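Everything on this sheet refers to the single structure shown next.
Protein chains in written order, with the numbering used here: chain A, 1 to 115; chain B, 1001 to 1115.
Below, the structure is given as structure tokens:
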């Protein structure tokens, strides 16, 4: 079975400090991995994606993630948090075998940013 | 329009009633996906279409749920004999084709409340 596990349901940081949102995946196939963000009452927005090219992926708004196959991890980081980063973040995997189209979402990590 | 649109934005219904939720994908996108996001959870896959045909409906929870896309553009998700457990945000996404499933654009969702 393919899945993603987001290790923290809630992360709180102070503005200007680093952000780390953790994600582990399991997949029998070479996966595509994504991070999406969902602001309150807004639609899902793609932050970044890994599709078997460079293992360090840079996304929008200063976020980046590193694919580590040996650790089956795809953690999301940002050097310095901004108040506008407060939102729900989802780690997502897509298979490359069998059912090819659908995305599998983690349960989400709510990021709070304190002034 | 420029993005994926969904109507209505909110729907309140009574248990046992029938509801239809509509999705307008981005013009020219042949692949269309439906997801359901329950409170506090990540979105879960329901069904996706390539053109007019349902390529994978394995995520539909039971036979009360049905979706169509008769002309390969607009899609309607139909729920019969609604139950309180159907309350959720129903999300629609589209991509250029199934080969582009790594790049899905999400609509704002329809919030369904079953009383």
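Cβ atoms here follow ideal geometry from the backbone N, Cα and C, with glycine treated the same way.
Note that this is a predicted model, so its numbers are computed, not measured.
Query raised in the report: Bridge partners of residue 1031 of chain B, per DSSP?
Result: Looking at the DSSP output, residue 1031 of chain B bridges to B:1050 and B:1095.
**Report entry** Which of helix, strand or coil DSSP assigns to residue 24 of chain A
**Finding:** Three-state result, residue 24 of chain A: strand.
Query raised in the report: From B:1002, B:1037, B:1006 and B:1005, pick the residue whose C-alpha is nearest to that of residue 1086 of chain B; which is it?
Result: Of the candidates B:1002, B:1037, B:1006 and B:1005, the one whose C-alpha sits nearest the C-alpha of residue 1086 of chain B is B:1037.
Query - Beta carbon of residue 1013 of chain B nearer than 7 Å to that of residue 1110 of chain B - result: Result no, Cβ atoms of residue 1013 of chain B and residue 1110 of chain B do not sit closer than 7 Å.
Requested in this report: Could you round the C-beta distance between residue 1091 of chain B and residue 1043 of chain B to whole angstroms and report it? I think they count as a contact, below 8 Å.
Outcome: So it is a contact: roughly 6 Å between Cβ atoms.
Report task. State buried or exposed for residue 1056 of chain B, treating a residue as buried only when at least 16 other CB atoms are found within 10 Å of its CB. Result -> Label assigned to residue 1056 of chain B: buried.
Query - Sheet register partners of residue 74 of chain A (DSSP bridge) - result: A:67, per the DSSP bridge assignment.
Query raised in the report: Are residue 81 of chain A and residue 13 of chain A touching if we call contact CB-CB under 7 Å?
Result: Yes, the Cβ-Cβ distance between residue 81 of chain A and residue 13 of chain A is below 7 Å.
**Report entry** Chain-ordered residues of the segment 41 to 53 of chain A with a beta carbon less than 9 Å from chain B
**Finding:** Of all residues in the segment 41 to 53 of chain A, 41, 42, 43, 44, 45, 46, 49 and 51 have a Cβ within less than 9 Å of some Cβ in chain B.
Requested in this report: Measuring alpha carbon to alpha carbon, tell me which of A:73, A:70, A:87 and A:57 ends up nearest residue 45 of chain A.
Outcome: By alpha-carbon distance to residue 45 of chain A, the top candidate from A:73, A:70, A:87 and A:57 is A:87.
Requested in this report: Have a look at B:1104, B:1084 and B:1029 and flag the residue whose alpha-carbon is nearest the alpha-carbon of residue 1018 of chain B.
Outcome: Nearest option by C-alpha distance: B:1084.
Query raised in the report: When the Cα atoms are used, what is the spatial distance from residue 55 of chain A to residue 49 of chain A?
Result: Using only the alpha carbons, I get a separation of about 10 Å.
Query raised in the report: DSSP state of residue 84 of chain A, grouped into three classes?
Result: It is helical.
Requested in this report: Enumerate in chain order the residues of its own chain whose CB-to-CB distance from residue 108 of chain A is below 6 Å, with the five nearest sequence positions on each side excluded.
Outcome: Counting only Cβ-Cβ distances below 6 Å, and skipping sequence neighbours, we find 88 and 90.
Query raised in the report: So the beta strand (DSSP E) residue 1020 of chain B belongs to, where does it begin and stop?
Result: It spans 1019 to 1024 - the beta strand (DSSP E) in which residue 1020 of chain B sits, taken as one unbroken run.
Query raised in the report: So which residues on chain A does residue 1106 of chain B lean against when the C-beta distance must stay under 7 Å?
Result: Result: 43 and 44.
Query raised in the report: Going by Cα to Cα distance, which pick from B:1039, B:1006, B:1061 and B:1112 is closest to residue 1032 of chain B?
Result: It is B:1006 whose Cα lies nearest to the Cα of residue 1032 of chain B.
Query raised in the report: Taking Cβ-Cβ distances shorter than 9 Å, what residues in chain B pair up with residue 32 of chain A?
Result: Going along chain B in sequence order, the residues near residue 32 of chain A (Cβ under 9 Å) are 1101 and 1102.
Query raised in the report: Since residue 1061 of chain B meets chain A, which of its residues come closer than 7 Å, beta carbon to beta carbon?
Result: Chain A residues near residue 1061 of chain B: none, gap ~14 Å exceeds 7 Å.
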